[in-house]
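Novice: Input: one structure, supplied below.
2 protein chains.
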Amino acid sequence: MTQAAAPAVAPATDRTRVRRAADRGRYDTDTLHSIVDAAYVCHIAFNDDTGTHCIPTACWREDDHLYIHGSNGSRMLKVAAAGTQVCVTITHIDGLVLARSAFNHSMNYRSAVIYGVFERVPNEHKAARLDAFMEKLAPGRSLEARPGDENELAATTMLRISLEEAACKIRTGGPHDDEGDLSREVWAGVLPMAVVAQTPIPDGPMNHLPDYVAKWAAA
Amino acid sequence: MTQAAAPAVAPATDRTRVRRAADRGRYDTDTLHSIVDAAYVCHIAFNDDTGTHCIPTACWREDDHLYIHGSNGSRMLKVAAAGTQVCVTITHIDGLVLARSAFNHSMNYRSAVIYGVFERVPNEHKAARLDAFMEKLAPGRSLEARPGDENELAATTMLRISLEEAACKIRTGGPHDDEGDLSREVWAGVLPMAVVAQTPIPDGPMNHLPDYVAKWAAA
Numbered sequence: 252m253t254q255a256a257a258p259a260v261a262p263a264t265d266r267t268r269v270r271r272a273a274d275r276g277r278y279d280t281d282t283l284h285s286i287v288d289a290a291y292v293c294h295i296a297f298n299d300d301t302g303t304h305c306i307p308t309a310c311w312r313e314d315d316h317l318y319i320h321g322s323n324g325s326r327m328l329k330v331a332a333a334g335t336q337v338c339v340t341i342t343h344i345d346g347l348v349l350a351r352s353a354f355n356h357s358m359n360y361r362s363a364v365i366y367g368v369f370e371r372v373p374n375e376h377k378a379a380r381l382d383a384f385m386e387k388l389a390p391g392r393s394l395e396a397r398p399g400d401e402n403e404l405a406a407t408t409m410l411r412i413s414l415e416e417a418a419c420k421i422r423t424g425g426p427h428d429d430e431g432d433l434s435r436e437v438w439a440g441v442l443p444m445a446v447v448a449q450t451p452i453p454d455g456p457m458n459h460l461p462d463y464v465a466k467w468a469a470a
Numbered sequence: 252m253t254q255a256a257a258p259a260v261a262p263a264t265d266r267t268r269v270r271r272a273a274d275r276g277r278y279d280t281d282t283l284h285s286i287v288d289a290a291y292v293c294h295i296a297f298n299d300d301t302g303t304h305c306i307p308t309a310c311w312r313e314d315d316h317l318y319i320h321g322s323n324g325s326r327m328l329k330v331a332a333a334g335t336q337v338c339v340t341i342t343h344i345d346g347l348v349l350a351r352s353a354f355n356h357s358m359n360y361r362s363a364v365i366y367g368v369f370e371r372v373p374n375e376h377k378a379a380r381l382d383a384f385m386e387k388l389a390p391g392r393s394l395e396a397r398p399g400d401e402n403e404l405a406a407t408t409m410l411r412i413s414l415e416e417a418a419c420k421i422r423t424g425g426p427h428d429d430e431g432d433l434s435r436e437v438w439a440g441v442l443p444m445a446v447v448a449q450t451p452i453p454d455g456p457m458n459h460l461p462d463y464v465a466k467w468a469a470a
C-alpha cells in the first residue's frame, strides 16, 4: 500500500490533506476503492436547521461514485438530495496495537473520508444500480429475487457522490515504542480483529443453496 | 432487548426520535450502554468554517459519558473542545437480510446516535481515565505498561460527552417479505457477520502471556 505507485485520486485539498500522523495518509484510487468496497455501511455527516448529524447507511461503489439509497421519507436523503455539503466516512478496525507505554498504544485501521455533494440517480437508472448492489453482496441473486416494481422504485431515493475529493488513512503493523521502553517486561504487539461471516440462517426450509450462501457458510 | 423494561435514557427529543422504521428505535440505558461498550471507535460529525466533517476515533464509556482523546493538535478535538455541537455515532453490522424481493432486503445492525457538546477532562483526571480505557481493552494491563508521563499527558486532549441525548436503532431477525413473494423459489434468510478476534501478533519474543492476550487468542 504505497502512495507513490498508484494514480492519485486528486491532489489532496485543504479538507482532505491528512495532518495528524500524516505518514498514514493515502490518496491513490486503489486504496480508496479497496476501503470503500470492503464496507457494508458508511457514516454520513450533514448539517440541517436542527444541527449536525451523523447517520449510518448502506453503501456501494460503482466506478468513481459511492451510492446510497433509502425511503423517500428519510431526512438524511432529503437533505443530501438538496445539495447540502456532506462528509462520508468509512472505517475498518483491524486491531489493537499494544505498546510498552500507555502513550504509544494505537489501533490498526483503514479509513476513507469523502467530501462533496450527492446527486440524485434518475428513476430510469435505479433498477440497474440496485442490481449492481445486490450482485456485489450476493453474486447471481439479482436474477433470483423479485426485482423492485414501479411503486417500490418510486418510493426509493437513490443518491450518488463522486469519490474525487477523498482521502484515506491507514495504520498497519506493530507498536512504535520509545527506545527507553523496549526493555520493559510487558507484552507488546497487535491484537488483530476482522469482520467474519457467521453461519447463514435460512428463513424456513430452502430448496436450494446458492453459491453466495455456500461461500458465506464456508468463510 | 425490549424497550419497556429498562429505564429511559431521556425522553426522545426532536433530534433523537427515530422516525424511519420507528419500531426499531430504543431509548433505554441498557441498550445504549451495550452498543457503546461493544465499540472500539465512534464517528464524530462536526461543523467548522471549512464545512461538515465526519471523523472516526477511539472511544470508551464510563458511567454516563463517552470519552475520546488524542493529540492536542487534532482539529476535531480543538473544534469539539470549543463547545461545538457534535453528533457521535456508533454502528455495529450484524448481518445481511436477504428477502425474496429486492425491495425488502435489509441489514441487521445496532446503532447509537448521541447529540451534545463535549467538555474537557481536566489534566488531573486524565491518567485515571486512560487507565480505565486500557482496563476495558486489556484487563490488568494498566499495571504493566508504562503510564503516561507529565509531558505525554499534557500533549493529550481528553474530552467527554454526556449520553443523555441519545437514541439507538436496532434491527434483528429474518426478512419481512410480502405475502405474494413467500412462494418464490429464492433463498431467503440472514447472512450474519461478527467482529472476531484473530491470532495475536507479538512484537518480538515475549516472556509472559497476559490473560487478555490468551483470551484474545482463544476467542
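In order, the protein sequence lines correspond to chains G and H. Using our numbering, the letters of the first sequence map in sequence onto residues 252 to 470. Using our numbering, the letters of the second sequence map in sequence onto residues 252 to 470. A virtual CB, placed ideally from N, CA and C, is assigned to each residue, including glycine. No experiment lies behind these values; they were computed from the predicted model shown.
(1) Pull up the DSSP beta-bridge partners for G/H349, would you.
(2) For G/A278 versus G/A418, is the C-beta spacing smaller than 7 Å?
(3) Helix, strand or coil for H/E386 per DSSP?
(4) Starting from the N-terminal side, write out each stretch of the beta strand (DSSP E) that is 3 residues or longer and does not extend beyond the stretch 334-380 of chain G.
(5) Enumerated in chain order, which unbroken segments of the alpha helix (DSSP H) with a length of 4 residues or greater are wholly contained in the stretch 262-315 of chain H?
(6) Would you call the stretch 432-443 of chain H and the stretch 326-346 of chain H in contact, with 3 or more CB pairs under 8 Å?
(7) Quick check: is the beta carbon of G/L414 nearer than 7 Å to any beta carbon in chain H?
(8) On the DSSP bridge list, what partners appear for H/R392?
(9) Establish whether the CB of H/N298 and some CB of chain G are separated by less than 7 Å.
(10) Scan the stretch 408-459 of chain G and note each continuous beta strand (DSSP E) run of 3 residues or more that stays entirely inside, going in chain order.
(11) At a Cβ threshold of 7 Å, is G/H304 touching chain H?
(12) For H/D265 and G/T301, which I take to be in contact (beta-carbon distance under 8 Å), what is that distance rounded to the nearest angstrom?
(13) With 7 Å set as the bound, which would you pick, yes or no: does the beta-carbon of H/R380 sit closer than that to a beta-carbon of chain G?
(14) Any heavy atom of the ligand FAD within a distance shorter than 6 Å of the CB on G/A469?
(15) Suppose the cutoff is 6 Å on Cβ atoms and the five residues either side in sequence are ignored; what does the same chain contact list for H/I472 look like?
(16) Quick one: which chain H residues come within Cβ less than 7 Å of G/E403?
(17) If we ignore side chains and look at the alpha-carbon of each, how far apart do G/I295 and G/D429 end up?
(18) Among G/E370, G/K420, G/D382, which has the Cα closest to the Cα of G/L404?
(19) How should G/P456 be labelled, buried or exposed, when 16 other C-beta atoms within 10 angstroms of its C-beta is the threshold for buried?
(20) Roughly how far, in whole angstroms, is the beta-carbon of G/D400 from the beta-carbon of H/P426, given that I think they are within contact range, below 8 Å?
(21) Would a check of beta-carbon distances place H/I286 closer than 7 Å to chain G?
(22) Do G/Q449 and H/A350 have their beta-carbon atoms positioned less than 7 Å apart in this structure?
(23) Go to G/N326, then tell me how far its alpha helix (DSSP H) extends in each direction, as first and last residue.
(24) Using the Cα positions of G/L460 and H/L433, report the straight-line distance between them to the nearest angstrom.
(25) What does the Cβ neighbour count give for H/T340, buried or exposed, with the cut at 16 atoms within 10 Å?
(26) If H/V337 and H/F369 are in contact, beta carbons under 8 Å, what's the gap, nearest whole angstrom?
(27) Assuming G/S352 contacts H/R435 (C-beta within less than 8 Å), just tell me the rounded distance between them.
(28) According to the neighbour-count rule (16 or more other Cβ atoms, all chains shown, within 10 Å of its Cβ), is G/T407 buried or exposed?
(29) If distances are taken between C-alpha atoms only, which option among H/T280, H/H316, H/K377, H/N359 comes closest to G/F354?
(30) Tell me the rounded alpha-carbon separation between H/I452 and H/A470.
(31) Could you tell me the alpha carbon to alpha carbon distance between G/M358 and H/H304, rounded to whole angstroms?
(32) With DSSP as the reference, please indicate the residues paired to H/Y318 in a beta bridge.
(33) Is it buried or exposed for G/G391, if we count other Cβ within 10 angstroms and need 16 for buried?
(34) From what residue to what residue does the alpha helix (DSSP H) around G/D400 run?
(35) Consult DSSP for G/V464 and reduce its assignment to one of helix, strand or coil.
(36) Is there a Cβ of chain H sitting closer than 7 Å to that of G/N467, yes or no?
Specialist: Looking at the atomic coordinates:
(1) The residue asked about is misnamed: residue 349 of chain G is Leu in this sequence, not His. DSSP, once it has assigned bridges, lists G/G440 as partnering G/L349.
(2) The residue asked about is misnamed: residue 278 of chain G is Tyr in this sequence, not Ala. Cβ distance < 7 Å, so G/Y278 and G/A418 count as in contact.
(3) Three-state result, H/E386: helix.
(4) Listed in chain order, the complete beta strand (DSSP E) runs (minimum 3 residues) inside the stretch 334-380 of chain G are 336-349, 357-368.
(5) As summarised for the stretch 262-315 of chain H, the continuous alpha helix (DSSP H) elements at least 4 residues long and confined to that stretch are 280-288, given in chain order.
(6) Touching, yes, given that three or more Cβ pairs across the two stretches are closer than 8 Å.
(7) No, G/L414 does not count as interfacial toward chain H.
(8) Partner(s): none; H/R392 has no beta bridge.
(9) Taking CB atoms only, H/N298 has a neighbour in chain G less than 7 Å away.
(10) You should have 417-422, 440-448.
(11) Interface residue, yes.
(12) Distance from H/D265 to G/T301 at the Cβ level is roughly 7 Å; contact confirmed, criterion being Cβ atoms closer than 8 Å.
(13) The beta carbon of H/R380 does not come within 7 Å of any beta carbon belonging to chain G, so the residue lies off that interface.
(14) This structure lacks the ligand FAD; in fact it carries no ligand of any kind.
(15) Only positions 252 to 470 of chain H appear in this structure, which leaves residue 472 of chain H out of reach.
(16) Here the neighbours are F354.
(17) Approximately 37 Å between the Cα atoms of the pair.
(18) Its Cα nearest to that of G/L404, the residue G/D382 stands out among G/E370, G/K420, G/D382.
(19) Classification for G/P456: exposed.
(20) In fact, because the Cβ distance is near 17 Å, the residues do not count as touching under 8 Å.
(21) H/I286 has a beta carbon lying at 7 Å or more from every beta carbon in chain G.
(22) Not in contact: H/A350 and G/Q449 (Cβ atoms no closer than 7 Å).
(23) In the sequence on display, residue 326 of chain G carries Arg and not Asn. Note, G/R326: alpha helix (DSSP H), 326-332.
(24) Rounded to the nearest angstrom, the two C-alpha atoms are 17 Å apart.
(25) Burial of H/T340 is indicated by the presence of at least 16 other C-beta atoms within 10 angstroms of its C-beta.
(26) The Cβ separation is near 6 Å, so the contact holds.
(27) About 59 Å separates the two Cβ atoms, so there is no contact after all.
(28) If you draw a 10 Å sphere on the C-beta of G/T407, you find 16 or more other C-beta atoms in it, and that means buried.
(29) Looking only at H/T280, H/H316, H/K377, H/N359, the smallest Cα-Cα distance to G/F354 is reached by H/K377.
(30) Near 14 Å, if we compare the C-alpha coordinates of H/A470 and H/I452.
(31) The alpha-carbon atoms of G/M358 and H/H304 are separated by roughly 21 Å.
(32) DSSP lists H/W311, H/R411 as the beta-bridge partner residues of H/Y318.
(33) Under the 10 Å beta carbon count, G/G391 is surrounded by fewer than 16 other beta carbons and is classified as exposed.
(34) Looking at the DSSP string, G/D400 is not in any alpha helix (DSSP H), and its letter there is neither H nor E.
(35) Helix, per DSSP.
(36) With the sequence shown as reference, residue 467 of chain G is identified as Trp, and Asn is not the correct amino acid for it. Interface residue, yes.
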